[in-house]
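Asker:
Residue numbers (my numbering): 422 to 677.
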């Protein structure tokens with residue numbers, strides 16, 4: 422499907438309007454952090470939800486809700502105040518290859534991020550570049566695992582500097598930074614701008630982007646993400662990642 426730039430922008434802007442609204446939440450993992458109101462609770466459960474966001478969407482939502490239950494519906498309080506004995510209640514958790522050992526590691530690493538680095542937002546803001554957070558993701562991973570850690574858990578945080586598209590963490594950053602005024606994305610990280618976001622590139626958004634001529638590269642990797650970002654910024658430099666709603670919606674809901 423070949424459209425001129427203006428036609429493509431109109432087409433995608435209409436799709437953003439269609440999908441970037443509260444109805445989107447009903448079938449999306451973002452519904453889980455929407456159960457919370459405190460900033461730190463939203464960002465912690467949002468990060469954990471995004472971490473397990475691969476595979477069947479229903480099972481992602483079910484397991485993210487289970488995570489919230491296991492953290493006594495107070496994620497920040499649990500992260501900051503848990504004793505070693507409290508971690509025993511996480512031992513039954515599993516989502517695909519993310520298991521209870523990983524869950525416990527993530528809780529321990531999150532506490533380290535809040536105590537040593539002043540929280541999630543502060544880490545990403547510290548290393549942000551004008552139009553990119555990919556270096557921030559790389560540095561975040563380093564800080565997340567600078568304490569004693571399980572080697573196996575490192576695979577659950579992607580590294581864009583190793584050519585990963587880092588789909589899940591880019592999705593999490595969209596949730597935190599982009600304020601859509603429509604009640605979907607939270608926009609609670611005020612120190613960062615939607616201009617800096619990258620599209621959560623997955624099978625659906627990648628396939629649709631290729632059909633629309635926004636992406637030529639075959640693999641959904643870091644290089645593909647850079648290419649897609651560049652083209653989405655041509656459509657809207659201030660909010661390029663709003664088109665994630667259009668690409669994802671076209672792929673998942675319309676079988677485009």
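Ideal Cβ placement from N, Cα and C applies to all residues, glycine included.
Leaving aside the five residues before and after residue 644 along the sequence, list all residues of the same chain whose C-beta is less than 7 Å from its C-beta, in chain order.
Answerer: Answer for residue 644: 584, 638, listed in chain order.
Asker: Counting along the chain, where does the alpha helix (DSSP H) carrying residue 751 start and finish?
Answerer: Since the first residue shown for the chain is 422 and the last is 677, residue 751 is missing from the structure and cannot be characterised.
Asker: Classify residue 516 as helix, strand or coil using the three-state DSSP reduction.
Answerer: strand
Asker: Report, in whole angstroms, the separation of the C-beta atoms of residue 594 and residue 618, which I expect to be a contact under 8 Å.
Answerer: 6 Å
Asker: Would you mind listing the beta strand (DSSP E) stretches within the segment 524–584 that are 3+ residues and don't spill past its ends, in chain order?
Answerer: If one requires a minimum length of 3 residues, no beta strand (DSSP E) run lies completely within the segment 524–584.
Asker: Could you tell me whether any Cβ in chain B is nearer than 7 Å to the Cβ of residue 507?
Answerer: In summary, chain B is missing from the structure at hand, where a single protein chain is found.
Asker: Using CA atoms only, rank isn't needed, just tell me which of 670, 597, 524, 654 is closest to residue 430.
Answerer: 654
Asker: I need the boundaries of the alpha helix (DSSP H) containing residue 453, first residue and last residue.
Answerer: Premise fails: residue 453 is in no alpha helix (DSSP H) and is neither H nor E.
Asker: Given this structure, state the Cα-to-Cα distance separating residue 580 from residue 574, to the nearest angstrom.
Answerer: 13 Å
Asker: If we call anything under 7 Å between Cβ atoms a contact, is residue 519 one with residue 568?
Answerer: no
Asker: Report the residue from 438, 658, 425, 432 whose alpha carbon sits nearest the alpha carbon of residue 551.
Answerer: Scanning 438, 658, 425, 432 for the CA closest to the CA of residue 551 turns up 658.
Asker: For residue 449, which option in 676, 666, 675, 570 has the closest C-alpha, if you only look at C-alpha atoms?
Answerer: Ranking the options by Cα distance to residue 449, first place goes to 666.
Asker: On the CB-based measure, 16 or more other CB atoms within 10 Å of its CB, does residue 494 come out buried or exposed?
Answerer: exposed
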